[in-house]
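Chemist:
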Amino acid sequence: MKKTIRILVIEDTEDVRNNIIEILESEGYDALGAENGKIGIETAIQVSPDLILCDIMMPVMDGYNVLESLRKNVITSTTPFIFLTAKNTRDDLRRGMALGADDYIAKPFTIDELLNGVTTRLKRAEDFKIKSEQKLNELTRNMGVPITRVINEPIKAIIGFSKMVMTEYMHMEKPEIAEFMALIYNAGMKLNGVIHKTLLFYQLEALSYKAEEIKTLQEKVSSNSKSKTTEICASIATHFGRSNDLMLHIEANTNLAIPSEFLDEALTQLVENAFIYSPKRSKVKVVVGSDGTRTYFTISDEGLGMTESQIESSGAFTRFNEEFAAQEGIGLGLTIVRKINDLFGTQLSINSTPGVGTTVRFSVPNA
401 MKKTIRILVI
411 EDTEDVRNNI
421 IEILESEGYD
431 ALGAENGKIG
441 IETAIQVSPD
451 LILCDIMMPV
461 MDGYNVLESL
471 RKNVITSTTP
481 FIFLTAKNTR
491 DDLRRGMALG
501 ADDYIAKPFT
511 IDELLNGVTT
521 RLKRAEDFKI
531 KSEQKLNELT
541 RNMGVPITRV
551 INEPIKAIIG
561 FSKMVMTEYM
571 HMEKPEIAEF
581 MALIYNAGMK
591 LNGVIHKTLL
601 FYQLEALSYK
611 AEEIKTLQEK
621 VSSNSKSKTT
631 EICASIATHF
641 GRSNDLMLHI
651 EANTNLAIPS
661 EFLDEALTQL
671 VENAFIYSPK
681 RSKVKVVVGS
691 DGTRTYFTIS
701 DEGLGMTESQ
711 IESSGAFTRF
721 NEEFAAQEGI
731 GLGLTIVRKI
741 NDLFGTQLSI
751 NSTPGVGTTV
761 RFSVPNA
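Add 400 to a position in the sequence shown, counting from 1, and you land on the number used in the working numbering.
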């Protein structure tokens, strides 16, 4: 049975509100009304409509404030929203769109104009929903094998080693117990890393739809300190047991136009990849420099390398070589960095030769 589409009409003029509801109901929509912005918000949160039509000039709360409040609520943050307005100056349009309005219908409007606007917006919302579901299904299919394997391995280790200690501790020496505890700790850290990276991926995916939050984040500045970069790189090298393989050369030390947490994440993903996809006793080199307008983080390894087609097709939950990646990673590193690029104007270039190694260059605008 096809779902009945529910449309909420927020309009303070009773005759106009009732006329719109009557028109919508004659077309088979489930229409309901609210006489002011405050009631409109309460109704929208309660019934979760498929579309909201809202007047701008209203008592109690105007349409702009209604839209702003609805966009902050998780239930209505993505609900299609159309303004009904006699105010159609460029500034009015810009203000509404900046708050997240999907469209305008100018008063006075004909029945056809109203229905065409509603139909168009509902179709766009349905198309977006279908594409989002397809993308989610694709991600789910792709993540199944690597996520299952990479999560199962440390879980099995934690359960197995902890069970061993629990049942045999009376017969074990302290050094032996410490050895097993270290194995449990390492497995837990590996599991924590997988979960963190996966959650970060979905956090960035969700953030890409939140214009106001992105705008706030884009105004933040981070300090590109030599000590912080050294700390991140050294910690990763130690994690892989390859401190002697790390080579650092840091020239730039300036503020950057990106929040520090996202700069740290991008650098972490790229340096981790260099260690994951290169063998022990091969060098991983990190060079940081600036041309005055941008700062460049160049990470080079002497590992597996990638073909052009592999670089182009690299995406979420895609791993290209199990020899080096069997114990670490789920193929999210480059995808995370690319999502950071989309949000903060950073840039990523990759040069790689199979069997020789890979060099990635991540650049960030200076503040």
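No residue lacks a Cβ here, since even glycine has one placed at the ideal position from N, Cα and C. Just so you know, these numbers come straight off a predicted model, no measurement behind them.
Rounded to a whole number of angstroms, what is the C-alpha to C-alpha distance between residue 421 and residue 472?
Modeler: Using only the alpha carbons, I get a separation of about 26 Å.
Chemist: Alpha carbon to alpha carbon, what distance is there between residue 505 and residue 465?
Modeler: 18 Å
Chemist: Run the CB neighbour count on residue 700, radius 10 Å, all protein chains shown included, and call it buried at 16 or more, exposed below.
Modeler: buried
Chemist: Can you find the residues in the same chain that come closer than 6 Å, C-beta to C-beta, to residue 784, ignoring five residues on each side of it along the sequence?
Modeler: Absent from the model: residue 784. The displayed extent of the chain is 401 to 767, so no value can be given.
Chemist: Using a Cβ-based criterion (distance less than 7 Å to any ligand heavy atom), does residue 675 qualify as near the ligand ATP?
Modeler: Questions concerning the ligand ATP fall outside what the structure shown contains, since it holds no ligand whatsoever.
Chemist: Please list the terminal residues of the continuous beta strand (DSSP E) segment that includes residue 588.
Modeler: Annotation for residue 588: no beta strand (DSSP E) segment contains it, though the alpha helix (DSSP H) segment containing it runs 574-607.
Chemist: If we ignore side chains and look at the alpha-carbon of each, how far apart do residue 753 and residue 706 end up?
Modeler: 6 Å
Chemist: Who are the near neighbours of residue 588 in its chain, counting only those whose CB is closer than 8 Å to its CB and skipping five residues on each side?
Modeler: 554, 558
Chemist: May I have the straight-line CA-CA distance separating residue 562 from residue 639, to the nearest angstrom?
Modeler: Whole-angstrom Cα-Cα distance: 22 Å.
Chemist: Got a sec: is the Cβ-Cβ distance from residue 591 to anything in chain D below 8 Å?
Modeler: In the displayed structure, chain D is absent; only one protein chain is listed.
Chemist: Cα-Cα, which of 684, 624, 657 is closest to residue 773?
Modeler: The question about residue 773 has no answer, for the chain in this structure spans 401 to 767.
Chemist: Pull up the distance between the alpha-carbon of residue 663 and that of residue 605, whole angstroms please.
Modeler: 17 Å
Chemist: For the alpha helix (DSSP H) that residue 751 lies in, which residues bound it at each end?
Modeler: For residue 751, no alpha helix (DSSP H) encloses it; the enclosing beta strand (DSSP E) starts and ends at 747-753.
Chemist: For residue 569, I'd like the list of residues in its chain whose CB is within less than 7 Å of its CB, leaving aside the five on either flank, ordered along the chain.
Modeler: 577
Chemist: Restricting to Cα atoms, I'd like to know which of 440, 407, 436 is closest to residue 426.
Modeler: 407
Chemist: To the nearest angstrom, how far is it from the Cα of residue 597 to the Cα of residue 766?
Modeler: 26 Å
Chemist: If we require 4 or more residues per run, which alpha helix (DSSP H) segments fall completely within the region 612-697?
Modeler: 626-639, 660-676
Chemist: What number of angstroms, rounded off, separates the C-alpha of residue 618 from the C-alpha of residue 565?
Modeler: 49 Å
Chemist: Spatial neighbours of residue 434 within its chain, please: C-beta separation below 6 Å, excluding the five flanking residues on both sides.
Modeler: 410, 440, 443
Chemist: Hey, quick one: how far does the beta strand (DSSP E) through residue 349 stretch, first residue to last?
Modeler: One cannot answer for residue 349 here, as it falls past the ends of the chain, which runs 401 to 767.
Chemist: With 16 other CB atoms within 10 Å as the buried threshold, where does residue 437 fall?
Modeler: buried
Chemist: When you compare only the Cα positions, how much space is there between residue 415 and residue 661?
Modeler: 53 Å
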